[in-house]
Structure formats: C-alpha cells, structure tokens
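A.B. asks:
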Amino acid sequence: MARDLIAALDIGGTKIAGALVDGGGKLVVRARRATPAQAGGPAVMAEVSAVLAELAATAHWSRVAAVGIGSAGPVDASVGTVNPVNIPGWRDFPLVAGVRETTGELPVTLVGDGPAMTAAEHWQGAARGRASALCMVVSTGVGGGLVLNGRLHPGPTGNAGHIGHISVDLDGDLCPCGGRGCVERIASGPNIARRALSGGWRPGPDGDTSAAAVAAAAHAGDPVARSSFDRAAQALAAGIAATAALVEIEVAVIGGGVAGAGDVLFAPLRRALRDYATLSFVTGLEVVPAQMGTDAGLVGAAAAAAQEQRLEGFGPQATPGSPG
Ligand SMILES: [Zn+2]
C-alpha cells in the first residue's frame with residue numbers, strides 16, 4: 384500500500400487537532416479534543432494520544448508515511464520537548480517520545496506553531512510560490528516563521544521566525560517572556576484592547592472589550608481605537624522591516640484574529656513600513672493577509688514533516704509552477 388498520507392497534530396492551549404493529510408493538502412480524516420491546559424502534563428498527553436488513537440483506528444492509517452507536529456511553543460525539536468506558555472503542565476515535556484508510543488517507528492517532525500502556519504501559507508496560501516517570506520500570526524500572542532530559499536526555515540529547535548519576541552521599543556514595557564518592548568507586548572489582541580481602554584475607549588452595551596470590538600470601533604471612526612491599532616501596526620512594521628533587512632523577505636503574510644481587522648490594521652501597517660523599510664532592497668516588500676484558515680496548523684505540520692523527511696509528493700516542492 385502506498386505511503387501517501389501524513390499524520391498531523393496541531394497542539395494549542397485550547398484544542399488538540401489531528402488529521403491525516405494527503406499530497407494535495409486535503410484532510411482525509413480529522414480528530415479533535417479540548418486541551419486540559421490547567422491539568423498536569425500526563426493528562427494533556429493522554430488527550431494527544433486519544434487524538435492519535437482515533438486517527439490510527441481508521442482504515443487509512445496504514446498509508447501514513449510520517450508524523451508532523453505543530454505545537455504552541457517554545458518547542459525544542461533538537462530533543463523533542465515542548466514548553467508551551469499556555470500549557471503550564473508541559474515543562475521540558477517529552478512530546479515526541481509520547482507521540483511515538485502510539486505511532487511506533489514512523490518518523491516524527493516537531494515544529495512550533497508559527498513555523499507550521501508558515502509552511503501551510505507557503506504550500507497553499509499567501510506565500511505560495513515565494514522564495515522568501517515572513518508569515519505571522521497576530522492573535523492572543525504574536526508568532527511567526529520564515530521561508531528562505533524556497534523552503535521552510537524552522538531553525539535547529541523549530542522556533543525560527545518568532546517575531547513576537549524581538550524588541551521594537553528599547554525601553555518599553557516588560558514582556559512576560561522576560562524581554563522588554565517586544566512586538567507582542569504592543570501588537571497582540573489583548574495589548575491592543577488594553578491600550579484602547581487606558582486611552583479612554585469604552586465598549587458598547589455588550590461590554591465586549593476584545594480587540595475585535597476595538598477594531599469595530601476603529602472602523603466606525605473612534606480615534607482612540609484607531610490610534611491603538613496604529614501603534615500595533617507600527618510595532619509590526621518595525622519587526623517586519625528588521626526581518627526584511629536581515630534576510631531579504633519578499634512578502635510578509637499576516638494572519639490570526641487581529642488580522643481580521645482588515646484595513647484598520649493593514650493601512651497603517653503599510654504606511655509605517657514606508658517609515659522603517661527604507662533601504663533599496665526592502666522597499667518592494669509586500670504585506671498581505673493570510674489565506675489559510677483554522678486548518679493551517681495541520682496542513683503546515685504535514686508540510687514541515689514532508690520537508691524534513693524528504694517525502695515525494697507533498698508540500699511546495701510538489702506544487703507545479705513554484706520554485707525549488
Ligand atoms: Zn517578549
């Protein structure tokens with residue numbers, strides 16, 4: 384039987400999703416459990432194993448060639464462990480060893496959720512056909528990943544491109560990561576909402592103080608809401624410009640809930656980029672919204688595994704018309 388599927392896992396603070404992914408990026412079988420994020424490490428692992436067992440119980444399992452895991456980070460792919468900020472029970476947790484208890488001899492690839500999303504956008508989304516790209520998720524946190532020379536660049540530990548925790552404000556606020564003035568500390572959804580509230584913005588009758596509510600107010604012309612998005616856009620632009628200068632990316636792809644604000648975010652972001660991305664070789668940089676939806680983590684985990692395991696017929700290298 385042809386080994387033409389990859390078992391993919393997308394592990395986050397709220398859900399553990401699994402799928403068998405085919406060479407076209409289609410999810411042939413799906414499984415999903417809630418993440419018991421506040422439970423101990425073994426309890427979280429039990430849910431991961433349950434998702435895998437559900438996939439393994441299907442007739443398609445014999446077609447699986449490899450396992451790809453995209454996990455909330457940081458991860459350490461060099462030793463197969465994870466330290467997700469939003470899963471406190473997992474500290475230096477041996478996730479790959481735990482997965483192997485179900486998957487046996489199959490090769491396992493682990494990357495952070497930022498690189499996983501990046502692999503998905505490169506395979507089938509907004510970075511398709513690009514030789515170099517920075518893909519970002521702007522949501523409760525800010526994460527990202529890099530495509531360099533037409534390939535996902537996960538780095539030695541699977542975290543490369545983690546733009547949320549580079550500093551764009553030298554004397555800025557302390558960040559939960561221990562740094563100061565991080566992109567995430569300015570541009571994440573909760574920080575956009577916090578800044579709008581402290582500037583005097585008040586929610587509507589429904590009491591919704593999410594970044595989406597701030598975005599709605601900004602669309603309606605509220606100056607405080609607009610200014611909070613402008614500041615987030617400025618932080619993102621500075622981080623993107625720095626990345627472009629370092630590795631010459633041609634496109635920055637932005638997804639996640641905050642990107643759903645649309646022009647309220649993208650218009651000031653493109654303006655701010657003109658202030659920060661000024662050298663001749665970065666002025667052509669494009670900024671575009673992500674195209675992959677909630678399945679990006681699964682599709683990308685499969686693409687990352689296909690790349691590492693050099694599987695034929697998967698990922699961007701198999702897409703007609705793309706470089707590499
Ligand atoms: Zn930080």
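The numbers in the numbering used here rise by one with no breaks, and the one at position 252 of the sequence shown is 635. For every residue, glycine included, the Cβ atom is placed at its ideal position computed from N, Cα and C.
#1: Counting C-beta neighbours from all protein chains within 10 Å, is the total for A689 16 or more, i.e. buried, or is it exposed?
#2: Does the distance between the C-beta of R585 and the nearest non-hydrogen atom of ligand 1 fall short of 7 angstroms?
#3: Can you name, in chain order, every residue of its own chain whose Cβ lies under 8 angstroms from the Cβ of G643, other than the five neighbours on each side?
#4: Mapping the DSSP letters down to three states, classify A594 as helix, strand or coil.
#5: Could you have a look at T418 and say whether DSSP puts it in helix, strand or coil?
#6: Does ligand 1 have even one heavy atom less than 7 angstroms from the beta-carbon of L548?
#7: Could you pull out every residue in the same chain whose Cβ sits closer than 7 angstroms to the Cβ of A579, ignoring the five residues on either side in sequence?
#8: Would you kindly work out how many angstroms separate the C-alpha atoms of V468 and A448, rounded to a whole number?
#9: Here's the rule I'm using: 16 or more other beta-carbon atoms within 10 Å means buried, otherwise exposed. How should T397 be labelled?
#10: Please name the residue or residues paired with D393 in a DSSP beta bridge.
#11: Should E430 be counted as a contact of ligand 1 given a C-beta to heavy atom distance under 7 angstroms?
#12: Do T485 and L435 have their C-beta atoms within less than 8 angstroms of each other?
#13: Report yes if the CB atom of V458 is closer than 8 angstroms to the CB atom of T523, and no otherwise.
#14: Let's test the definition: count the other Cβ atoms within 10 Å of the Cβ of M384 and tell me whether it reaches 16, buried, or not, exposed.
#15: Check for me: the beta strand (DSSP E) holding G622 runs from which residue to which?
#16: Measuring only the C-alpha atoms, how far is A426 from S432?
#17: Under 7 angstroms: does the beta carbon of G562 sit that close to some heavy atom of ligand 1?
#18: Give the secondary structure of G643 by DSSP, where H, G and I count as helix, E and B as strand, and everything else as coil.
#19: When you compare the region 529–540 with the region 646–654, are there three or more beta-carbon pairs, one atom per stretch, that lie closer than 8 angstroms?
C.D. replies: Concretely, from the data shown:
#1: Indexing the sequence shown from 1 puts residue 689 at position 306. So A689 ends up on the buried side.
#2: In the sequence shown, counting from the first residue as 1, residue 585 sits at position 202. No, Cβ of R585 sits at least 7 angstroms from all heavy atoms of ligand 1.
#3: Position 260 of the sequence shown, counted from the first residue, corresponds to residue 643. So the list reads A595, A598, once near-sequence residues are dropped.
#4: By 1-based counting over the sequence shown, the position of residue 594 is 211. Helix.
#5: Taking the first residue of the sequence shown as position 1, residue 418 is located at position 35. T418: coil per DSSP, three-state reduction.
#6: Counted from its first residue, the sequence shown places residue 548 at position 165. Here residue 548 turns out to be His, not Leu, going by the sequence shown. Between ligand 1 and the CB of H548, the shortest heavy atom gap is smaller than 7 angstroms.
#7: In the sequence shown, residue 579 corresponds to position 196, counting from 1. For A579, where only same-chain residues beyond five positions count, the Cβ hits under 7 angstroms are V597, V607, A608, S611.
#8: To locate residue 468, count along the sequence shown from 1; it is residue 85. To locate residue 448, count along the sequence shown from 1; it is residue 65. Their backbone Cα atoms lie some 30 angstroms apart in a straight line.
#9: Within the sequence shown, residue 397 is the residue found at index 14, counting from 1. When all chains shown are included, T397 counts as exposed.
#10: The residue labelled residue 393 in the question sits at position 10 within the sequence shown. A400, G453.
#11: For the purposes of this step, residue 430 is identified with residue 47 of the sequence shown, where counting begins at 1. No, ligand 1 has no heavy atom inside 7 angstroms of this Cβ.
#12: Indexing the sequence shown from 1 puts residue 485 at position 102. Indexing the sequence shown from 1 puts residue 435 at position 52. Result yes, Cβ atoms of T485 and L435 sit closer than 8 angstroms.
#13: The residue given as residue 458 occupies position 75 in the sequence shown. The residue given as residue 523 occupies position 140 in the sequence shown. Going by C-beta atoms, V458 is not nearer than 8 angstroms to T523.
#14: Counting from one through the sequence shown, the residue named residue 384 turns up at place 1. With fewer than 16 other Cβ atoms from the protein chains shown falling within 10 Å of its own Cβ, M384 counts as exposed.
#15: Within the sequence shown, numbered from 1, the residue matching residue 622 stands at position 239. Looking at the DSSP string, G622 is not in any beta strand (DSSP E); the run it does join, the alpha helix (DSSP H), is 606–630.
#16: Counted from its first residue, the sequence shown places residue 426 at position 43. Counted from its first residue, the sequence shown places residue 432 at position 49. A426 and S432: Cα-Cα distance of roughly 10 angstroms.
#17: On the sequence shown, position 179 is the one that residue 562 refers to. G562 Cβ: within cutoff of ligand 1.
#18: By 1-based counting over the sequence shown, the position of residue 643 is 260. Here G643 sits in helix by DSSP.
#19: Verdict: no, contact absent.
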